[in-house]
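Here the structure comes first, spelled out in structure tokens, and everything after it is commentary.
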Amino acid sequence: ETFQGIVSSTQEFRQAQANKQLISRSTGDGMALAFFASHEAPVQCAVEISRALKAYPEIGVRMGVFSGPVVLRKDIIQLEDVTGDGINMAQRVMDFGDGGHILLSRHVADDLMSSAHWTRSLHDLGEVEVKHGVRVHIYNLYNEEVGNARLPEKIIKRRHGRLLRIGAAAALLSLLLLAAMGLYLWSKRSTPPINSVAILPFVNNDGDPAAQSLCEGLSEDVINILGNLSYLKVTDRNSVAVFKRPEEQADLQKISDRLNVRAVLTGRFNQHGDKIALKLELVDVQDKRHLWGQNYEWTHSDIPGIPSEIATQVSKNLRLKLTGEEEGRLAKRYTDSAAAVDLYYKGRQFLNSRKDETELNHGVDYFNRALEEDANYAPAYAGLADAYGLLGFYGKRKPLDTGEQSKSYALKALERDDQLAEAHAALARNKAFYDWDWAGAEQEFKLAITLKPSYASAHHLYGEFLASQGRFKEAIAEMQESIRLDPLSVVNQADLGGEALFYARQYNEAIQQLQKTISQDANKSWYPHYLLGWAYAQTGQLPEAIAELETARGTGTDIHPPAIAMLGYTYALAGRRDEARKVIEELNRLSTQRYIAPYYLATIYAGLDEREKAVEQLKRTRADRFIGVVWLKVNPRFDHLRQEAGFVELMSEMKFPAN
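Counting the sequence shown from 1 gives a position; this note's numbering is that position plus 245.
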């Protein structure tokens, strides 16, 4: 009763109890206190108790403070009680103490380190092994007023081994008798689950190029799996890929700031023959806390289940509350074939590079080889759908030649898994930019985003679709969401300015966004210069437009027909008609070597005000199913053609929905 009176009279106890932030219960040999207030509350309470016990030398008390999860429940008489790992670990921390000790777990100590008030009282005792082989890092809190400065007897015993066992055992018996009124304290913070994370590319410690696709593929798959969870922001692989090398991962605070995430997962990958080792660390960068770590050892045959295992552990340690459906998505395994997964990862590696048509064709080859290993491997079909879609967008092939293939593979993926977001996004892209099935496209975009809320590419494509329909407020919101999820993507940043804002005819805002994008683009890519040239041309800043487009057009074999065509259009607006016609001739020569969309010629003819030729090329664009035709409704460069009979007919055929 005296001891309980001391505890209940402390200021921290009374304040937490008054605010309904405390649950206390008797443990038979003492008390358990669960604080739901600040992380300092249980430590401050322990200090107050230790100070008060100076007046009661006959009462020996040891205290353990731990931060961890508990389960709230009602006991048989409907009083609130707590159970769970947090309580168990608090008791194990306390068990290492003697009378007067205040022992803290490392997580609790780390939380206090930012304050000089606590730092001078914290003394590192290192790691100790508790029940079931679990290792816990503990600190001893003491100063001239409170606590016990002596090293705990159990730690002395373990450090010095058999030589001290008899004496130590006797000492512990007497101390355990003194601990008849033992106390352990536990703290649970009131902070919500961590709702943002970046999965950095796993570092290939061996540097073996042959293992790189597996190393990168595993981390990308973890991103994809976690991206399916609601209320968790998972940074897209495009942005985390910036931090691929070990030296780029050294400053987690900088990474957290650039990606605007709270938690970061890092991994160190080694492969020796059939053996795979992966060391993982999950850190709460905001609170500077180590959330979870694990050293895994697998064999090559384990590959299909590795990403799911990692994603499950990450979600648990971020304290996420999952629905049954989300738990099912975490556990989803698409194949048992390690060979299929390995080949799929190689295909994704080529697809992610997007350097040229050759790279995309290599991706197609690896996806097909993955399907030879497992004909029902849905992600490989989705990979083929993406690859053929990109070949039509960025390669040298007509969309007419690639669109049907892309659509077919998306449908095959969905036949095998109708919950695969990547396949729904690929199908949405085809319905929007190839079939012009506006309602069907929107349905598929929404479904892809519902299934995978952190799918930056789906938000970006949906934003493009909405802009093409003239729904600019929604388009801007989707583009901004794609940037939130993929903040270092130059394409996402550029398209917010060059598509959503430009087609909304917010030209000044578009120019500002594109200038910002260029200033932040370390790789100096051509694309934002190309879009900035659009915006300058539309506002009559023709010298500035020409300068940007000459930068964007490229040289030698690395040329960009969209920028070349836009340069011809701008020459025409500037009255440099002969130069505009030379650009037409250049594009016609290129068309003998690769696919050149008629849309590019239509743009130049529109600039020259040769309306019949412009409309003729736009009709050819429609026949080729080139993506440019979906922008006819909103493209200001064709405003002066809108009364032309051929253009009116073309718009009717496109069946754009009315706004």
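Cβ atoms here follow ideal geometry from the backbone N, Cα and C, with glycine treated the same way. Keep in mind it's a predicted model, so treat the numbers as computed, not measured.
As assigned by DSSP and simplified to three states, the class of residue i
i	result
Gln323	Any reading at Gln323 needs caution, since the residue's pLDDT is 37, under 50, leaving its predicted position unreliable; the model's value is listed next. Correct three-state label for Gln323: coil.
Met358	coil
Arg798	coil
Leu536	strand
Gln498	helix
Phe871	coil
Glu374	strand
Ala413	At Ala413, the pLDDT of 33 sits below 50, so the modelled position is not reliable and the matter cannot be decided from this model.
Ile400	helix
Ser366	coil
Asn440	coil
Gln516	strand
Asn483	helix
Asp529	strand
Gly427	Residue confidence is low: Gly427 scores 30 on pLDDT, short of 50, so the model does not pin down where it sits. No coordinate-derived value is stated.
His382	strand
Val829	Residue 829 is actually Ile in this sequence, not Val. In this structure, Ile829 counts as helix in the three-state DSSP scheme.
Ser350	strand
Arg318	With a pLDDT of 47 at Arg318, under the threshold of 50, the modelled position of that residue is not reliable, and the figure given next carries that caveat. Arg318: strand per DSSP, three-state reduction.
Asn469	helix
Glu542	strand
Phe901	coil
Leu254	It is worth fixing the name first, because residue 254 is Ser in this sequence and not Leu. Of the three classes helix, strand and coil, the one that applies to Ser254 here is coil, per DSSP.
Sub-7 angstroms separation of residue i and residue j beta-carbons
i	j	result
Leu665	Ala658	yes
Gly309	Met339	yes
Pro698	Ser560	no
Ala585	Tyr633	no
Ala703	Ile721	no
Gln516	Leu445	no
Ala630	Ala671	yes
Glu257	Ala279	no
Leu730	Asp502	no
Ile849	Ala868	no
Leu491	Val528	The sequence shown places Pro at residue 491, rather than the Leu named in the question. Not in contact: Pro491 and Val528 (Cβ atoms no closer than 7 angstroms).
Ser764	Asn483	no
His774	Glu754	no
Gly743	Asn904	no
Arg865	Leu886	no
Ala842	Phe883	no
Pro905	Leu536	Residue 905 lies beyond the residue range present for the chain, which begins at 246 and ends at 904; the question has no answer from this structure.
Ala808	Ala797	yes
Arg674	Leu706	yes
Gly813	Val860	no
Ser582	Arg507	no
Candidates the options: closest to residue i by CA position
i	options	result
Ser253	His284, Ala297 and Glu285	Ala297
Thr802	Asp481, Arg839 and Tyr816	Arg839
Pro624	Glu604, Gln738, Asn450 and Leu588	Leu588
Glu726	Leu536, Gly778, Tyr781 and Lys478	Lys478
Leu759	Tyr748, Asn768, Gly778 and Arg750	Gly778
Ala394	Pro843, His362 and Asp343	Asp343
Arg534	Met724, Glu894, Gln262 and Met358	Met358
Glu709	Tyr700, Met724, Leu696 and Ala701	Met724
Ala291	Met276, Gly873 and Ser836	Met276
Trp683	Leu706, Leu636 and Pro902	Pro902
Thr580	Asp610, Glu618, Thr762 and Gly608	Glu618
Ala354	Gln289, Lys299 and Val375	Gln289
Arg574	Arg307, Ile470, Lys878 and Val487	Ile470
Leu835	Leu853, Ala810 and Asp547	Ala810
Asp187	Leu497, Val736, Asp519 and Ala890	No answer is possible for residue 187: it lies beyond the span of the chain, which begins at 246 and ends at 904.
Tyr611	Arg599, Gln594 and Ser598	Gln594
Val874	Asp854, Lys900 and Tyr844	Tyr844
His805	Phe638, Phe488, Asp496 and Asn264	Phe638
Tyr679	Glu374, Glu293 and Lys643	Lys643
Leu776	Asn768, Glu572 and Ile756	Ile756
Ala851	Thr837, Glu831, Asn833 and Arg822	Arg822
Leu696	Arg578, Thr364, Trp681 and Asp663	Asp663
Val391	Ile694, Arg307 and His607	Arg307
Decide if the stretch 520-527 is in contact with the stretch 536-548; the criterion is three or more beta carbon pairs, one per stretch, under 8 angstroms apart. yes
Okay, do the stretch 460-477 and the stretch 545-562 touch, 3+ Cβ pairs below 8 angstroms being the bar? yes
Runs of beta strand (DSSP E) wholly within the stretch 647-705 (minimum 3 residues, chain order): none
The stretch 811-819 / the stretch 784-792 touching (three or more Cβ pairs under 8 angstroms): yes
Counting pairs of beta carbons, one from the stretch 638-653 and one from the stretch 681-696, are three or more of them closer than 8 angstroms? no
What residue ranges within the stretch 759-827 form continuous alpha helix (DSSP H) runs of no fewer than 4 residues, ordered along the chain? 772-783, 787-797 and 806-818
Touch check for the stretch 380-398 and the stretch 344-353: three-plus C-beta pairs under 8 angstroms? yes
Completely contained alpha helix (DSSP H) runs for the stretch 843-897, where each covers 4 or more residues: 843-852 and 856-869
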